[in-house]
Structures are given as structure tokens and as C-alpha cells.
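The opening position of the sequence shown corresponds to residue 1 in the UniProt record's numbering, with each subsequent residue numbered one higher.
Glycine is no exception: its CB is placed at the ideal position from the N, C-alpha and C atoms.
Reading through the C-alpha cells given below for one structure.
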Amino acid sequence: MNFYKSAALALDHLDKYKGSVKGSLGAAGIETSSAQESKRILALVIETLKYRSALEQIIAVTQLRTLEKITFPKKTSPRTPSSQSLILVLLHDLLISPRGRIEASDKWPPRQAIQRHQARLKAELVKLQIREGKSSKEGLARTAKTEGSARYIRWNPNVDLHREDDWSLAALLSYLQTKPSPFKLLNAPVYPVPDGSFFLDPHLPECLLVFPATTSWWQGDKWFESGAVIVQDKSSCFPARVLMGEWDEAEGDCIDATAAPGNKTSHMSALMRGKQQLHAFEKSTQRFKTLQVMLEKAQCLNVDAKNADFLQSDPCSEKYSNVTRILLDPSCSGSGIVNRLDYLVDQETDEADDAKNERLEKLASFQLQMILHAFKFPSVKRIVYSTCSIHPEEDEQVVQRALSSPLARKNSWILAQRSSVLPSWPRRGREEHFNGDADLADGVIRCIPEEDHTNGFFVACFVRGSESVQNQKKRALEEAEDESESEHEYEAEDSKEEEEKEVAPREKTSAQLERRKRKKQKQKQKKRSQEV
Ligand SMILES: C[S@@+](CC[C@H](N)C(=O)[O-])C[C@H]1O[C@@H](n2cnc3c(N)ncnc32)[C@H](O)[C@@H]1O
């Protein structure tokens, strides 16, 4: 296939399914004849994404698509890229690339169509530069400000464990500070990360390195090519870290229920130090291929990857009898992803409210189903649920619904306390989406892109137990209070509650309902003893 068409198809795929730019070629079913060709296509996709906003403005103002509607129709057939993406990659080469031309046959109609408007397109580029106050066209690229203030690299110890040579964290730090364009290691975090420097992340110093947002030193570097470093947003490193806390080899196996492209699977495998077994499920055949490549590169030797639907797995199968921890990072709206493709968020804000709500409802009910299925595994003690969404419908509300399910009660699933869910991370859940329960909100993690130097993200951890320590303390306190309350007070409170119910009916938390039930029982007991 023509190189521009392949790049445009990859762009379309990214628009539709998100995922990594690199994974988009395989995932979009684009076949290339050599690694060189893949690299060339990927470079064009990445560069086009950088200038996308500028190029879209030029397309809009010149009305190129309307003027050339025969070559660039509104609807294209399957396996052909959309006209918009094709124009974007062609314009990139004509207007932005150092060559300044489209590398295709003179007779190719899309090239002819663009060439016809060459003068106008170039003039609009200059006008845009002036409007934006940029002295060069490079100034129109997305900057550190629009990209975020940092980029993250996770050191992957599996490679040091299984490959020859020294791939340790110490060796990586030394390499970065002595390579031809060296980085300075800062001893405290600074945002945006200054050019030419890096530091160890304050929350995950054992594996995460923080670089300037515009850096990509790893492209073509031996550390990246060997799998010893993985490009992964900070927030996306939280789930495996929370899930695997205090895991011990003697404990047993784990499951990653929704694995591709495999960033969190490889992180879990690293935290298991290659020991025991990690069952990785991935439903999509295309994405499963990406997962396999990733696992091989990252030396995840203890992973048993299956192209299968987690919901179809049998929780009582002998195979999973030893599984004690499950990671659930299911498909979500991706509304938190800004670092890689912030235009996806723009797209979402354009979405009509009804359509958006319907989509969120569908996603939330699928996410809930996944949690409820995980609740059924008899030996599992800890489940981490995460999304790269900022919508409460997919975050706190899904967790709340899971907690109030009969299955949670039957199998004693509760929300873990803050102390075992990265307590040093300051941004916690939204109380208002947990029916005002501050303890539940405190137990979960949230990340906000503009303020936390990460993508938008959410993490919750379910554990098995009759009651959390905090709840026990709270209950003891309440019981002490109850002791001193008079019957009259109960009645007053009850009637007040009734009133409140009429004015603003509100769902009670299970703790509130439980408390009320106990109060009523006490009242009855008291009455009975008085009667006797
Ligand atoms: C958000 S992505 C997971 C990203 C991955 N955890 C990582 O960090 O690289 C969700 C994945 O779950 C897969 N998926 C969705 N439903 C599934 C199911 N029922 N069983 C297994 N995989 C599923 C999707 O195809 C997608 O690849």
C-alpha cells in the first residue's frame, strides 16, 4: 500500500481506538515490507500528530476538502483511509517536512489535488505563524505546554533478570548521565522538567524516571530496543503497584484480565520478579498480537497470555485455584488521556450529551460486569480496578455499584483503605459520587491531567474482609455515641430523616443503613426490656 495511505490509516485507527502510535500499524492491519518502512510511516504519523492542530486550521480555512471533493470524498470505503487523515499526512510533507514535497507519483490524484492549491496552502501557513506569533513553522508544533509537563519512562527489571549485560537501574542512571547528549540528574522534582534534565519520580522512585515533555531520547536507543525501558505514563504505573503490594512468591498466581498492549502486564510480571504465573487475557485478536510482541520484548517469562474473553473464564477452574490477585483495566472512554492524543478529548467535548451519556452507560455496565466476574474467583484476595477516564460514571460510581452488589456482600468484598492504596498520592476520590462517604472516597486514587503531570486516571482496590479497620473504629465510635442517645433523640432523628427523604430523597450508604438498622434494633430491645 502507498506509504501515505498507510500513515493515514494508522491515524484513523488512533482516532477510533486510541492506543500507542507504535501499536497502531499492527492494530490497523497495515502490512509493511521492512522495518525501515514501518519506521518511516511511524515517523510521519508522529510528526503529523504534532502539527495536527495547525494543519487542521489550514484545511478548514482553505476548504480544501470541499474544493477537491471528488478526490477527497466525505465517505470512503472500508480499508481506505478517511479523506481528512490522508490530507493531513500529505499536507505535513508539503508544508512542514524539511523536503517540502509529497513523495508520490505526479500522476497520483491526491497529490495532484493538493498541488493545485499549493500557493494558497503555503500562504495560509505563513498567516497562521504570524497569528500565533511564531518565528518558524516548528513553533506550530505542540509544545511542552500542550503536551503536559513531563514524560515518563519505566525501568523494566525483567530484562536485567533474564538478559546478559548490565540492565540495572544504576546502569541506566549512569548511562543517561554519560551518553553523548547527557541528562543531568536532579535530586528533586521540577515541573515542567527543564530541558536536558531528569529525576526519579517521587511516588515511584524504584522504577520511574521523569523527563522533559519534548524528549524522546529512547527512540532507537538500546535501552528501549532491548525492552529495559518502557514508555508509560506515571498514572498507568499505579494499578500494578497497588495490586502487587506485599505480594510474596509463596502467595500464588495473578490475572491481568484486560492485558493489551501489555504495559501493566509487564509491570506486574516485573513486580512478581518472574515468579509464579501471570494469566493475561486479551479479547481482541489484533491487540493480542501487540501484547505478544510486548511480552517477548519485555522478557515477561512468567506470563501465560491468552486471546480470550475474561468474562468467559471459569472462576472455579483448577487452573485459577491459586490466583490471589486480579488486575482489571477494562476498555473505557479514555477521557483522561491527554499526553498522547489530546485531540481525542476535544472530539469528546463535541459529542452530543445524549450520545455521550449512552456511551458512558454502556461502558459502565461492562466495567461493572468485569468487576463482578472477578469477585467470583474463590482464592482471590485483592482486585485493582482502573480506568484512564475522568468521568465519575466509569470511576467512583462503578465502584459504588460493585460494592453494593449482592455478590460483594456474599463474598465479603470491601474497598481497601488508603493505607494500602498509595497513601502518599494526595488526590483521592470524589465524596459526592460515593454518596458522601469520605472513607470510601479516601480509599481510591484519582489523577487530573492539568494538575498532576499525568493523564487523567482512576484506581480502586477491592479486598476481602468482613469489615475494614477504619470502619470498625468508626462503628465503635458510633456505638459509643448510640449508648448515650435517648429514645427521644432516636425518634427526633428518625422523623428528621423522614422529612429529609421527602424533600430530597437520597440513596443511603450501606454503612448508614446498617447504623439505622442497629438503632432500630436497640430501640426495640429497650422497649421490650421496659415492658418486662
Ligand atoms: C484499557 S485497555 C488495557 C490496557 C493495558 N492494561 C495496558 O496497560 O497496556 C483494555 C483492553 O481490554 C481488552 N478487553 C475488553 N474486554 C475484554 C474482555 N472481556 N476480556 C479480555 N479483554 C478485554 C480490550 O481489547 C483492550 O485491549
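Original post:
Should Glu318 be labelled buried (16 or more other beta-carbon atoms within 10 Å of its own) or exposed?
Top reply: To locate residue 318, count along the sequence shown from 1; it is residue 318. The residue is exposed, with fewer than 16 neighbouring Cβ atoms inside 10 Å.
**OP:** With DSSP as the reference, label Thr324 as helix, strand or coil.
**Re:** On the sequence shown, residue 324 is found 324 positions in, with the first residue counted as 1. In this structure, Thr324 counts as strand in the three-state DSSP scheme.
Subject >> For Asp12, the nearest candidate out of Lys75, Ala60 and Pro81 (CA to CA) >> reply: Translated into positions along the sequence shown, residue 12 becomes position 12. Ranking Lys75, Ala60 and Pro81 by Cα distance to Asp12 puts Pro81 first.
Original post:
Do Ala213 and Ala150 have their C-beta atoms closer together than 7 Å?
Top reply: As a first step, residue 213 is located in the sequence shown; it is residue number 213 there, counting from the start. As a first step, residue 150 is located in the sequence shown; it is residue number 150 there, counting from the start. Taking 7 Å as the Cβ cut-off, Ala213 and Ala150 qualify as a contacting pair.
**OP:** Identify whether Thr290 lies in helix, strand or coil by the three-state DSSP scheme.
**Re:** Looking up residue 290 in the sequence shown gives position 290. The answer is helix: DSSP assigns Thr290 an H, G or I state.
Original post:
If you drop the 5 nearest sequence neighbours on each side, which residues of the same chain put their C-beta closer than 7 Å to that of Trp218?
Top reply: Along the sequence shown, one-based indexing puts residue 218 at 218. Excluding sequence neighbours, Trp218 sits near Ile153, Phe224, Val229 and Val231.
Subject >> Val229 (DSSP reduced to helix, strand or coil) >> reply: Counted from its first residue, the sequence shown places residue 229 at position 229. In this structure, Val229 counts as strand in the three-state DSSP scheme.
Original post:
Quick one: Cα of Cys207 to Cα of Ala104, how far?
Top reply: The count along the sequence shown starts at 1 and reaches residue 207 at position 207. The count along the sequence shown starts at 1 and reaches residue 104 at position 104. Cα to Cα, Cys207 sits roughly 44 Å from Ala104.
**OP:** Let me know if Glu351 comes out buried or exposed under the rule of 16 or more other beta-carbons within 10 Å of its beta-carbon.
**Re:** Here residue 351 is taken as the residue at index 351 of the sequence shown, counted from 1. Low confidence applies here, because Glu351 scores a pLDDT of 48, under 50, leaving its location unreliable and the question unanswered by this model.
**OP:** Kindly indicate which three-state DSSP category Tyr152 falls into: helix, strand or coil?
**Re:** Here residue 152 refers to the residue found at position 152 when the sequence shown is read from its first residue. Of the three classes helix, strand and coil, the one that applies to Tyr152 here is strand, per DSSP.
**OP:** Report whether the distance from the Cβ of Ala298 to the nearest heavy atom of ligand 1 is below 6 Å.
**Re:** The count along the sequence shown starts at 1 and reaches residue 298 at position 298. It does not: the Cβ of Ala298 is nowhere closer than 6 Å to a heavy atom of ligand 1.
**OP:** Run the CB neighbour count on Asp280, radius 10 Å, all protein chains shown included, and call it buried at 16 or more, exposed below.
**Re:** Here residue 280 corresponds to residue number 280 of the sequence shown, with the count starting at 1. With the sequence shown as reference, residue 280 is identified as Ala, and Asp is not the correct amino acid for it. Ala280 is buried by the Cβ-count criterion.
**OP:** On the DSSP bridge assignment, give the partners of Val45 in chain order.
**Re:** Residue 45 sits at position 45 when you count from the first residue of the sequence shown. Its beta-bridge partners do not exist; DSSP assigns none.
Subject >> Counted within 10 angstroms of its Cβ, other Cβ atoms place Asn2 as buried (16 or more) or exposed >> reply: The residue given as residue 2 occupies position 2 in the sequence shown. Exposed.
**OP:** Report whether the distance from the Cβ of Lys39 to the nearest heavy atom of ligand 1 is below 6 Å.
**Re:** Numbered from its first residue, the sequence shown carries residue 39 at position 39. Lys39: no, Cβ never under 6 Å from ligand 1.
Subject >> Cutoff 6 Å; reference His373; Cβ partners in own chain excluding five residues on either side >> reply: Counting from one through the sequence shown, the residue named residue 373 turns up at place 373. Around His373, the same chain offers Leu311 as residues with beta carbons nearer than 6 Å, after the five sequence neighbours per side are excluded.
Original post:
Considering only residues of the same chain and omitting the five flanking positions on each side of Ala260, which have a CB-CB separation below 7 Å?
Top reply: The count along the sequence shown starts at 1 and reaches residue 260 at position 260. Result list for Ala260: Glu282, Ser284, Arg287, Phe288, Thr290 and Leu291, in chain order.
**OP:** Quick one: residues in its chain with C-beta nearer than 7 Å to the C-beta of Ser168, no 5 flanking neighbours on either side, listed in chain order?
**Re:** In the sequence shown, counting from the first residue as 1, residue 168 sits at position 168. Excluding positions up to five away in sequence, the list reads Asp160.
**OP:** Report back the beta-carbon spacing between Ala35 and Phe72 to the nearest angstrom; my notes put them in contact at under 8 Å.
**Re:** Residue numbering aside, residue 35 sits at position 35 when the sequence shown is read from its first letter. Residue numbering aside, residue 72 sits at position 72 when the sequence shown is read from its first letter. About 31 Å separates the two Cβ atoms, so there is no contact after all.
Subject >> Contacts around Lys501, its chain only, beta-carbon distance under 6 Å, and the 5 residues preceding and following it disregarded >> reply: Taking the sequence shown and counting its residues from 1, the one referred to as residue 501 is at position 501. Any reading at Lys501 must be qualified, since the residue scores a pLDDT of 36, below 50, and its modelled position is unreliable; the value itself is stated next. Excluding positions up to five away in sequence, the list is empty.
**OP:** Indicate whether Gly227 and Ala123 have their beta-carbon atoms separated by less than 7 Å.
**Re:** Position 227 of the sequence shown holds residue 227. Position 123 of the sequence shown holds residue 123. Not closer than 7 Å, so no.
Original post:
Should Cys332 go down as buried or exposed, given a rule of 16 or more other Cβ atoms within 10 Å for buried?
Top reply: By 1-based counting over the sequence shown, the position of residue 332 is 332. It is buried - the Cβ of Cys332 has at least 16 other Cβ atoms within 10 Å.
Subject >> Minimum Cβ-Cβ distance from Met272 to chain B less than 7 Å >> reply: You won't find chain B in this structure, because it holds only one protein chain.
Subject >> Whole-Å CB distance - Thr48 paired with Leu88, under 8 Å assumed >> reply: Along the sequence shown, one-based indexing puts residue 48 at 48. Along the sequence shown, one-based indexing puts residue 88 at 88. At roughly 5 Å, the Cβ-Cβ gap stays under 8 Å, so Thr48 and Leu88 are in contact.
Original post:
Under a Cβ-count criterion, where at least 16 other Cβ atoms within 10 Å of its own Cβ denotes burial, should residue 534 be classed as buried or exposed?
Top reply: For residue 534 there is no data in the structure shown, the boundaries of the chain being 1 and 532.
Subject >> Span separating the alpha-carbon of Asp166 from that of Asn158 >> reply: Counted from its first residue, the sequence shown places residue 166 at position 166. Counted from its first residue, the sequence shown places residue 158 at position 158. Asp166 and Asn158: Cα-Cα distance of roughly 12 Å.
Original post:
Between the beta-carbon of Asp452 and the beta-carbon of Arg418, is there less than 7 Å?
Top reply: Walking along the sequence shown from the start, residue 452 turns up at place 452. Walking along the sequence shown from the start, residue 418 turns up at place 418. Cβ atoms of Asp452 and Arg418: not closer than 7 Å.
Subject >> alpha helix (DSSP H) runs wholly inside the stretch 347-408, at least 4 long, in chain order >> reply: 353-374 and 396-403
**OP:** Grab me the residues of Lys134's own chain with a C-beta within less than 7 Å of its C-beta, minus the 5 sequence neighbours each way, in chain order.
**Re:** Here residue 134 corresponds to residue number 134 of the sequence shown, with the count starting at 1. Here the set comprises Leu140.
Subject >> ligand 1 heavy atom lying under 6 Å from the CB of Arg418 >> reply: Taking the first residue of the sequence shown as position 1, residue 418 is located at position 418. No, the beta carbon of Arg418 sits no closer than 6 Å to any heavy atom of ligand 1.
Original post:
When DSSP labels each residue in this structure, what does Leu278 get in the three-state scheme?
Top reply: Stepping through the sequence shown from its first residue, residue 278 is reached at position 278. Leu278: strand per DSSP, three-state reduction.
Subject >> Helix, strand or coil at Ala10 according to DSSP, with G and I counted as helix >> reply: Translated into positions along the sequence shown, residue 10 becomes position 10. Of the three classes helix, strand and coil, the one that applies to Ala10 here is helix, per DSSP.
**OP:** Would you kindly report the start and end of the unbroken beta strand (DSSP E) that includes Val303?
**Re:** Looking up residue 303 in the sequence shown gives position 303. Taken as a continuous stretch (DSSP letters only), the beta strand (DSSP E) holding Val303 covers Val303 to Lys306.
Subject >> Option in Ser365, Leu90, Leu327 and Lys39 with minimal Cα separation from Ala8 >> reply: For this step, residue 8 is matched to residue 8 along the sequence shown. Answer by Cα proximity: Leu90.
**OP:** Per DSSP, which residues does Ile337 bridge with? Please list them.
**Re:** Within the sequence shown, numbered from 1, the residue matching residue 337 stands at position 337. DSSP lists no partner for Ile337.
Original post:
What is the DSSP secondary structure of Leu186, reduced to helix, strand or coil?
Top reply: Position 186 of the sequence shown, counting from 1, holds the residue named residue 186. Coil at Leu186, not helix or strand.
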